[in-house]
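*Asks:* My questions will all concern the structure given below.
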Amino acid sequence: VQVHGTLLRRQDDRGPRVLLVLNDITRLKQLEAMRRDFVANVSHELKTPVTAILGFVETLLDEVPDGADHTQQFLNIIGKHANRLNLIIEDLLALSRLESQEGMIDPARFSLERIIERVFEGYRDQARRKDIHLRVHYDGHAQACGAANLLEQALNNLVENAIKYSEPGGEVAIIVENRNKEIRIQVKDTGQGIPQEDVPRIFERFFRVDRARSRELGGTGLGLAIVKHIVLAHQGEIMVDTREGSGSTFTLRIPQDQ
Ligand code: ADP
């Protein structure tokens, strides 16, 4: 129950009166839980048919001979859209899982070196195709504390964006620093940057600076919202320093003791 008290002055001389407003917030809490369940349920409901569509499309694509009619072309289009839906659902599920576990992660000590190696390994081909150099630098030891799989997902999202929103010939660097009981991870790119007026909104769900470009590049608009939730689940902070045309640096600060 939320309580608000106000002192009321009276015209007569019968002493002060207090107005108490009691707000039952059980309902609010219930609504919040319902909203979370709704997202999780919708995602699960959507995921089943999408997986079926993808399966059938793949089988048909394997069977239909090339150039027979428009079937191939249409199947490709259906497949592309179903894949996109699939990515959005997976991201929504990740967000809803994170929201329901907020503050309840199971922390453990781990080395960031192996995780960063794996993240870079996953994007090596994509970076090579765009002629983007991947670099990592450690200042001090790379021990972190938290949920390794979640921090790996956060770094995956940031590195994917750094490559996606960069021109060929650029560099994506991860810099890990250890200072005053916190680990600082920076993901730096030399890409297109983000307009200052959009910076406050980039962690919102489905916000994109350029919707068409993000979609064309396969983005769901949920990547940074996920990163933010992961950092919050670690009692950490995320900041971005960016200049249009010369690149962006996303900085994660995670306390060493969870
Ligand atoms: P998306 O799936 O569209 O990439 P995100 O939530 O990951 O969604 O990012 C939101 C938006 O922020 C992107 O659409 C893009 O406009 C901008 N953005 C994110 N990372 C970068 C980056 N490294 N450089 C430039 N713009 C970025």
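Position in the sequence shown (first residue = 1) + 322 = the UniProt record's numbering.
Note that beta-carbon positions come from the ideal geometry of N, C-alpha and C, so glycine has one too.
1. State the start and end residues of the unbroken alpha helix (DSSP H) segment that holds PHE396.
2. Look up GLN475 in the DSSP assignment and say whether it is helix, strand or coil.
3. Return the CA-CA distance between GLN448 and PHE442, expressed in angstroms with no decimal places.
4. Cβ of PHE432 within 7 Å of any heavy atom in the ligand ADP?
5. Return the CA-CA distance between VAL481 and GLU354, expressed in angstroms with no decimal places.
6. Can you give me the C-alpha to C-alpha distance between MET561 and PHE378, rounded to a whole angstrom?
7. So which of ARG451, HIS403, ASN471, MET426 has the shortest CA-CA distance to SER433?
8. Using only CA atoms, which one of ASN478, ASP391, ALA362 lies nearest to GLU421?
9. Sorry if obvious, but does the Cβ on TYR487 come closer than 7 Å to a heavy atom of the ligand ADP?
10. Let's see if you can read the secondary structure: which residues bound the alpha helix (DSSP H) around GLY444?
11. LYS510 bridges to which residues according to DSSP?
12. Hey, how far is the Cα of MET356 from the Cα of GLY491?
13. Verify whether the separation of the beta carbon atoms of ILE496 and ILE438 is less than 8 Å.
14. Does the beta carbon of HIS459 come closer than 8 Å to any beta carbon on chain C?
15. In chain order, what are the residue ranges of uninterrupted beta strand (DSSP E) at least 3 long that sit wholly in the stretch 332-376?
16. For the stretch 565-577 against the stretch 506-526, are there 3 or more C-beta pairs whose distance is under 8 Å?
17. Exposed or buried, GLU519, counting other C-beta atoms within 10 Å across all chains shown (16 or more means buried)?
18. Might you give, ordered along the chain, the residues of its own chain that have their beta carbon closer than 8 Å to the beta carbon of HIS366, omitting 5 neighbours on each side?
19. Select from PHE396, GLY401, GLU385, ASP359 the residue whose C-alpha is nearest the C-alpha of GLN371.
20. Could you tell me whether any non-hydrogen atom of the ligand ADP is closer than 7 Å to the CB of GLN514?
21. Looking at the strands, I want to know which residues DSSP matches up with GLU559.
22. Along the chain, which unbroken stretches of the beta strand (DSSP E) at least 3 residues long are found entirely within the stretch 515-546?
*Replies:* Straight from the coordinates:
1. 393-423
2. helix
3. 10 Å
4. no
5. 32 Å
6. 43 Å
7. ASN471
8. ALA362
9. yes
10. 434-451
11. ALA495, THR571
12. 47 Å
13. yes
14. Among the chains of the structure shown, chain C does not appear; only one protein chain is present.
15. 339-345
16. yes
17. exposed
18. LEU415
19. It should be pointed out that residue 371 corresponds to Pro in this sequence rather than to Gln. When each option's Cα is compared against that of PRO371, the closest is GLY401.
20. yes
21. ARG575
22. none
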